[in-house]
Amino acid sequence: MATFTSHSPEETIRFGEGLGRAARPGWVFGLSGDLGAGKTQFVKGLALGLGIKARIASPTFALVNEHRGEHATLFHLDLYRLDNNAHIVAAGLEDYLAPRDGVSVIEWFERWTGAPPERLCRVHIRVLGETGRQIDYNYDPARD
Ligand SMILES: Nc1ncnc2c1ncn2[C@@H]1O[C@H](COP(=O)(O)OP(=O)(O)OP(=O)(O)O)[C@@H](O)[C@H]1O
Ligand SMILES: [Mg+2]
Numbered sequence: 006m007a008t009f010t011s012h013s014p015e016e017t018i019r020f021g022e023g024l025g026r027a028a029r030p031g032w033v034f035g036l037s038g039d040l041g042a043g044k045t046q047f048v049k050g051l052a053l054g055l056g057i058k059a060r061i062a063s064p065t066f067a068l069v070n071e072h073r074g075e076h077a078t079l080f081h082l083d084l085y086r087l088d089n090n091a092h093i094v095a096a097g098l099e100d101y102l103a104p105r106d107g108v109s110v111i112e113w114f115e116r117w118t119g120a121p122p123e124r125l126c127r128v129h130i131r132v133l134g135e136t137g138r139q140i141d142y143n144y145d146p147a148r149d
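Numbering (the working numbering), first residue to last: 6 to 149.
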């Protein structure tokens, strides 16, 4: 696990952008952290790093938003409303855990308790204060 301390939403976005530049098709970013921790801010950065210009909003009824970028397509999922694996599978989301031609980023990833994706970067955001966030991440999705 590595740790990055963010002091503002912009810093969290820049941090995500760096990971987005490194990301390759097949990678999954599994995000966790309390409501309002900054997961969606992180996704905004990830999208920038992948060359995506579209505005990032939380997936709600659609459960997954797809954005085509210069470098890869980003699949943005939010599992908050899904209680367990059975619901995630029933919603048809299982394939996004092994994206073939894109990168998946999954908010509330801890809802998934099945087999972990093969190329997984876990990102946990902890609220330290009004604008302080501790971002713990394990970053080696490229291992073969
Ligand atoms: N250092 C920081 N990093 C990220 N967000 C921050 C930071 N400091 C303050 N914020 C604020 O915290 C909020 C984070 O909201 P965001 O929607 O990204 O959270 P979330 O983790 O996606 O929540 P949810 O679980 O509801 O999806 C924003 O209002 C943002 O401005
Ligand atoms: Mg969110």
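Where is the CB? At the ideal position from N, CA and C, for every residue including glycine. Remember, it's a predicted structure, so these values are computed and weren't measured experimentally.
For residue i, count neighbouring Cβ atoms within 10 angstroms of its own Cβ and tell me buried if that reaches 16, exposed if not.
i	result
H92	exposed
R86	exposed
L51	buried
F66	exposed
A103	exposed
K58	exposed
R105	exposed
S63	exposed
P146	buried
Rounded to whole angstroms, what is the Cα-Cα separation between residue i and residue j?
i	j	result
L55	S37	21 Å
I61	G137	22 Å
L98	E123	16 Å
D141	A95	30 Å
L125	V132	23 Å
Y101	N89	15 Å
A120	V110	16 Å
G21	K44	10 Å
Q139	G74	28 Å
T8	R29	22 Å
Can you check which of these residues, the options, is closest to residue i by C-alpha distance?
i	options	result
W32	K49, L98, T78	T78
E112	P121, H129, R105	H129
L40	L84, R73, D141	L84
G134	L68, A42, D100, S63	A42
I18	K49, P30, G74	K49
A27	R105, L53, A7, E16	L53
L82	L68, G74, R73	L68
Give me, in chain order, the residues of the same chain whose beta-carbon lies closer than 7 Å to that of residue i; leave out the 5 immediate sequence neighbours on both sides.
i	result
H76	L55, G56
Short of 6 Å in beta carbon distance, which residues of its chain neighbour residue i, apart from the five on each side in sequence? Order them along the chain.
i	result
E71	F80
Cβ contact (3+ pairs, closer than 8 Å) linking the region 7 to 19 and the region 110 to 118: no
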